[in-house]
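Residue numbering for the sequence shown follows numbering that gives the first Met the number 0, starting at 0 and increasing by one per position.
For every residue, glycine included, the Cβ atom is placed at its ideal position computed from N, Cα and C.
Notes for the one structure printed next.
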Amino acid sequence: MSGIVSRFLSFDKLIATGLIKVLYWIGLVGIALFTLIAIFGAFAAFGQGFLQGVGMLIMAPIVGLLSLVFWRFMCEVYLVVFGMYDRLGKIQEAVGGGTPKDINTAAD
């Protein structure tokens, strides 16, 4: 248990990748619920007009599918960004393990 606490407090390993995966599944459930509610709402819209009900019945799954694709894309973008951070740390260790302040820049 102390290993988990020390990793949480040390910032040596980012927890964002695991957190993004959890948020991805929560988002999938939310999108699925929204799509189901919209489909059932389409049946209620038939009372206002046949074409409006059919339109909502067709659009609800399309919007749900597009939302799934967009949500997956956004989660992958965040995973790529945090993955780049991890890989840059590994490159820094492989090159010499210096801290960023040790690296000479053109301004020096």
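Simplified DSSP assignment, three categories, for Ile38: Walking along the sequence shown from the start, residue 38 turns up at place 39. Correct three-state label for Ile38: helix.
Euclidean distance between Cα positions of Phe39 and Leu18: As a first step, residue 39 is located in the sequence shown; it is residue number 40 there, counting from the start. As a first step, residue 18 is located in the sequence shown; it is residue number 19 there, counting from the start. Going by C-alpha positions, Phe39 is about 32 Å away from Leu18.
The alpha helix (DSSP H) enclosing Ile14, as first and last residue numbers: If you number the sequence shown from 1, residue 14 lands on position 15. Ile14 -> no alpha helix (DSSP H), and no H or E assigned at all.
Where the alpha helix (DSSP H) through Gln91 begins and ends: Sequence index remark: in the sequence shown, residue 91 carries index 92 (1-based). Element bounds for Gln91: Phe49 to Val94.
C-alpha gap between Ser66 and Ile30, whole angstroms: In the sequence shown, the residue the question calls residue 66 occupies position 67. In the sequence shown, the residue the question calls residue 30 occupies position 31. The alpha-carbon atoms of Ser66 and Ile30 are separated by roughly 7 Å.
Buried/exposed call for Met83, threshold 16 Cβ in 10 Å: As a first step, residue 83 is located in the sequence shown; it is residue number 84 there, counting from the start. Answer is exposed; the Cβ neighbour count stays below 16.
Separation of Phe81 from Thr34, as counted between CA atoms: Along the sequence shown, one-based indexing puts residue 34 at 35. Along the sequence shown, one-based indexing puts residue 81 at 82. If you take the alpha carbons of Thr34 and Phe81, they lie about 30 Å apart.
From Ala37, Phe42, Gly95 and Leu78, residue whose alpha carbon lies closest to that of Ala23: Working through the sequence shown from its first residue, we reach residue 23 at position 24. Residue 23 is actually Tyr in this sequence, not Ala. When each option's Cα is compared against that of Tyr23, the closest is Leu78.
Test item: CB-CB of Ala108 and Ala59 under 9 Å: As shown, the chain starts at 0 and ends at 107. That puts residue 108 outside it, with no answer to give.
DSSP three-state assignment for Gly46, whether helix, strand or coil: Counted from its first residue, the sequence shown places residue 46 at position 47. Gly46: coil per DSSP, three-state reduction.
Exposure of Ala41, with buried meaning 16 or more beta-carbon neighbours within 10 Å: To locate residue 41, count along the sequence shown from 1; it is residue 42. It is buried - the Cβ of Ala41 has at least 16 other Cβ atoms within 10 Å.
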